[in-house]
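**Q**
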Amino acid sequence: MPAWAVLLFSDATILRWFPPLRYVWAFRGEQAKVKITGQNAKRVLFGTINPRTGHRVVLRRPRQRQEDFQAFLRYLRRRYRGQPIWLLLDKASFHQALRSQQLAAQLGVTLLWLPKQCPELNSQDHLWKELKRLIAANRQFRTIDEEAAHAERWLLGLTSTDALRKAGVLSDDFWLKAFV
């Protein structure tokens, strides 16, 4: 990897209007109430974190298909003009689609595959889990777009140090510590 290249962990997450239910405080013998509409619209956030700087990039999309991932690749290319991009990501079908791989090559984005079923290796995945715990769990926003906008603001509003900490990069056990 060239010294001037940018290394990014990448992952996508689905935000559903129907909130994920987590443990919540309630009086003993009483059940906590979570108000919901019964509808379950969704939005997808594609995101990256730079393990060296903590810089994050997020793109909201209506779906999680190869066309949406390709839009994210183009978005990354605009954000990191002139720099080689090395993208660490899982083996989702839309990542591995031939057109996605061809576009990545055209854009100068090197795709580096993480092992299957190893989300603990993907720092962006750690951020999504924290986001869902703090932003989405046990509550429903007025609209799915309001929820997605709030999630984006939360993620991009973290300081670089907070983002790196929540992503596990600052841990003594971080698996790429010697590299970053």
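Read in this note's numbering, the sequence shown has 579 at position 112, and its numbers run on one by one without any break.
Heads up, the beta-carbon is just placed ideally off N, CA and C, and yes, glycines get one too.
For clarity, every value in this text was computed on a predicted model and none was experimentally measured.
Does the beta-carbon of Gly549 have 16 or more other beta-carbons within 10 angstroms, so that it is buried, or is it exposed?
**A** Result: exposed.
**Q** If you draw a straight line from the C-alpha of Leu540 to the C-alpha of Leu570, how long is it?
**A** Using only the alpha carbons, I get a separation of about 8 Å.
**Q** How should Leu488 be labelled, buried or exposed, when 16 other C-beta atoms within 10 angstroms of its C-beta is the threshold for buried?
**A** Confidence is the limiting factor: at Leu488 the pLDDT is only 47, short of 50, which leaves the residue's position unreliable and the question unanswerable from this model.
**Q** Smallest Cα separation from Asn589: which of Leu475, Gln563 and His562?
**A** Taking only the C-alpha atoms, the option nearest Asn589 is Leu475.
**Q** Taking a contact to mean a Cβ-Cβ separation below 8 Å, would you say Val473 touches Ile552 in this structure?
**A** Result yes, Cβ atoms of Val473 and Ile552 sit closer than 8 Å.
**Q** What residues in its chain sit with their C-beta under 7 Å from that of Gly521, if we drop five residues either side in the sequence?
**A** Ser627, Thr628, Ala630 and Leu631, listed in sequence order.
**Q** Quick check: what's the CA-CA separation for Pro586 versus Glu497?
**A** Cα to Cα, the separation comes out at about 35 Å.
**Q** Less than 8 Å between the CB atoms is what I'm expecting for His562 and Leu555, so what's the real figure, rounded?
**A** No, His562 and Leu555 are not in contact; Cβ-Cβ is about 11 Å, not under 8 Å.
**Q** What does DSSP give as the partner residue(s) for Ala479 in the beta ladder?
**A** Its beta-bridge partners are Phe513.
**Q** Return yes when the Cβ of Leu623 is within less than 8 Å of the Cβ of Val511, no when it is not.
**A** Not a contact, by the Cβ cut-off of 8 Å.
**Q** Can you give me the C-alpha to C-alpha distance between Glu534 and Ala564, rounded to a whole angstrom?
**A** Rounded to the nearest angstrom, the two C-alpha atoms are 10 Å apart.
**Q** List the endpoints of the continuous alpha helix (DSSP H) containing Trp642.
**A** Note, Trp642: premise wrong, no alpha helix (DSSP H); not H, not E.
**Q** If we ignore side chains and look at the alpha-carbon of each, how far apart do Arg620 and Asp640 end up?
**A** Their Cα atoms are separated by approximately 29 Å.
**Q** Kindly indicate which three-state DSSP category Leu598 falls into: helix, strand or coil?
**A** Note: Leu598 maps to helix in three-state DSSP.
**Q** Would you kindly work out how many angstroms separate the C-alpha atoms of Lys596 and Trp471, rounded to a whole number?
**A** The straight-line gap from Cα to Cα measures roughly 30 Å.
**Q** Which class does Arg530 belong to by DSSP, given the choice of helix, strand or coil?
**A** Coil.
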